[in-house]
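To keep things clear, I will list the structure first and then write my remarks on it.
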Amino acid sequence: MLKEAAGETRCAAIPETVKKFIALGAEVAIERGAGANASVTDADFEAAGAKLGTRDDVLKDAGIILAVSGPDPQSLNGAAKGALLVAALDPTRRGDAVKAYAAAGLEALAMEWMPRITRAQSMDVLSSQSNLAGYKAVIDAAGTYGRAFPMMMTAAGTISPAKVFVMGVGVAGLQAIATARRLGAQVSATDVRSATKEQIQSLGAKPIFVENVAGIEGEGAGGYATEMSPEYQEAQAELISGHIAKQDMVITTALIPGKPAPRLISDAQIVSMRPGSVIVDMAADAGGNVEGTIAGEKVVKHGVTIIGATNLAKSLPADASALFARNLYNFLSVFWDKDQGRPVLPDDDEIVKGIRLTQGGKVVHERLTAA
1 MLKEAAGETR
11 CAAIPETVKK
21 FIALGAEVAI
31 ERGAGANASV
41 TDADFEAAGA
51 KLGTRDDVLK
61 DAGIILAVSG
71 PDPQSLNGAA
81 KGALLVAALD
91 PTRRGDAVKA
101 YAAAGLEALA
111 MEWMPRITRA
121 QSMDVLSSQS
131 NLAGYKAVID
141 AAGTYGRAFP
151 MMMTAAGTIS
161 PAKVFVMGVG
171 VAGLQAIATA
181 RRLGAQVSAT
191 DVRSATKEQI
201 QSLGAKPIFV
211 ENVAGIEGEG
221 AGGYATEMSP
231 EYQEAQAELI
241 SGHIAKQDMV
251 ITTALIPGKP
261 APRLISDAQI
271 VSMRPGSVIV
281 DMAADAGGNV
291 EGTIAGEKVV
301 KHGVTIIGAT
311 NLAKSLPADA
321 SALFARNLYN
331 FLSVFWDKDQ
341 GRPVLPDDDE
351 IVKGIRLTQG
361 GKVVHERLTA
371 A
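No gaps in the numbering here: position 193 of the sequence shown is 193 in full-length UniProt numbering, and each next residue is one more.
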């Protein structure tokens, strides 16, 4: 396992998964200091049976290279041809890096492209990290909001509960709903996928949905949202405008794979919110759901604070690392061949086809070759 670049707090293995890999028959080498930001010491890794060393030590003869974020290709000099690089590689935005992995003879596997099928649920890094991100979005909103979340009845009077609106009900959105409810807020939520209405209600939140626009479900392959028709977008904007003006906090989570984030909140809608309100834009890295979002920054517009959230999971490095590391182990262990002492990845397997970017010195994933 490699030490991550500056700014990335997570690590791709924990002592628990080190022990499990060793039980499969693997030897585990870890770059010194790789777990420091996630509260995992070198001594913890050594106690689990890992060998500690420099990056050159770790890369030498490694058959599998584990990382969280795709490493700079130049930092992998010395890696053996044919080695598996298993990480979140951001293929659509790091095309040059993917080509460099291919040129170096690495078999790059993008964990964030894991198919959303039943047998891959335990391998899904997007879901595990989004779960934590949805929780942290609400915590960050609460820390910025200048009032309490729950209703409070005191001798000096009653404090009304905060009103929280979640836009986009995927894994992150569902966790945001649950967290806001646990904090005592009045929660509502919306999504373009009508199938999420029951999920919203099951968490005790109020669904806010466009009605009477027939034939638009908003759900594409793998359960991801797709782009809506102009008619739906117009109806949604009208509905949201009336609702958002009454909200204290809004959490936006809407993403469309491979495309810029859809615009959900306009400047005019921000104006309608009362001063002191908070918006957390979880799609800031993809251009943002909110007009005026700046990725990685907190800005105030018309008295409303907009938080351009980026990679919230890494602000919870210990838990995020544990979940990510288990996702990697769950994937590799399924394909592990004990006789060969390594994973064997069949070309016709749905999971392998979904995440394999490079093989035999070439970029092979159809989403990249088509582009």
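We put the beta carbon where it would ideally sit given N, CA and C, even for glycine.
| Asked | Found |
| --- | --- |
| Let me confirm a value: residue 221 is counted as buried when at least 16 other C-beta atoms fall within 10 Å, else exposed. Which label applies? | Because the pLDDT at residue 221 is just 49, under 50, the model does not fix this residue reliably, and the value given afterwards should be weighed accordingly. It counts as exposed. |
| Starting from the C-beta of residue 124, find all residues in its chain whose C-beta is less than 8 Å away, skip the five residues before and the five after it, and write them out in chain order. | 114, 116 and 327 |
| Starting from the C-beta of residue 54, find all residues in its chain whose C-beta is less than 6 Å away, skip the five residues before and the five after it, and write them out in chain order. | none |
| Could you pull out every residue in the same chain whose Cβ sits closer than 7 Å to the Cβ of residue 205, ignoring the five residues on either side in sequence? | 177, 181, 187, 188 and 189 |
| To the nearest angstrom, report how far apart residue 367 and residue 131 are at their CA atoms. | 26 Å |
| Determine whether the beta carbon atoms of residue 100 and residue 73 lie at a separation below 8 Å. | yes |
| If we count Cβ pairs, one from each stretch, closer than 8 Å, do we get three or more for the stretch 229-238 versus the stretch 105-113? | no |
| Under a Cβ-count criterion, where at least 16 other Cβ atoms within 10 Å of its own Cβ denotes burial, should residue 346 be classed as buried or exposed? | exposed |
| What does the Cβ neighbour count give for residue 195, buried or exposed, with the cut at 16 atoms within 10 Å? | exposed |
| Decide if residue 152 is buried, meaning its Cβ has at least 16 other Cβ atoms within 10 Å, or exposed. | exposed |
| What residues in its chain sit with their C-beta under 7 Å from that of residue 354, if we drop five residues either side in the sequence? | 113, 114 and 115 |
| If I measure Cβ to Cβ from residue 168 and keep anything under 7 Å in the same chain, skipping five residues before and after, which residues do I get? | 191, 252, 253 and 254 |
| DSSP on residue 46, reduced to helix/strand/coil? | helix |
| Pick helix, strand or coil for residue 328, following the three-state DSSP scheme. | helix |
| Give the straight-line distance between the Cα atoms of residue 341 and residue 352, rounded to the nearest whole angstrom. | 19 Å |
| Could you check what DSSP says for residue 207 in three-state terms: helix, strand or coil? | strand |
| Does the stretch 69-83 come within contact of the stretch 36-54, defined as at least 3 CB pairs closer than 8 Å? | no |
| Is the beta carbon of residue 2 less than 8 Å from the beta carbon of residue 27? | no |
| For my contact list, residue 307 and residue 270 are in at a C-beta cut-off of 8 Å; report their separation, rounded to the angstrom. | Going by Cβ atoms, the distance from residue 307 to residue 270 rounds to 13 Å, so no, they are not a contact pair. |
| Mind listing, in chain order, the continuous beta strand (DSSP E) runs of no fewer than 3 residues lying wholly within the stretch 38-97? | 51-53, 64-69 and 84-88 |
| So what does residue 336 bridge to, in DSSP terms? | 343 |
| Tell me which residues share the same chain as residue 65 and place their Cβ nearer than 6 Å to its Cβ, disregarding the 5 neighbours each side in the sequence. | 83 and 85 |
| Looking at the structure shown, is residue 356 part of a helix, part of a strand, or coil, going by DSSP? | strand |
| Determine the DSSP secondary structure at residue 18, reduced to helix, strand or coil. | helix |
| Across which residues does DSSP place residue 281 in a beta bridge pair? | 252 and 308 |
| Nearest by alpha-carbon distance to residue 337: which of 21, 197 and 34 is it? | 21 |
| Which residue comes first and which comes last in the beta strand (DSSP E) that contains residue 189? | 186-190 |
| What are the boundary residues of the beta strand (DSSP E) that includes residue 264? | Element bounds for residue 264: n/a, residue is neither H nor E. |
| I need the DSSP call for residue 139, collapsed to helix, strand or coil. | helix |
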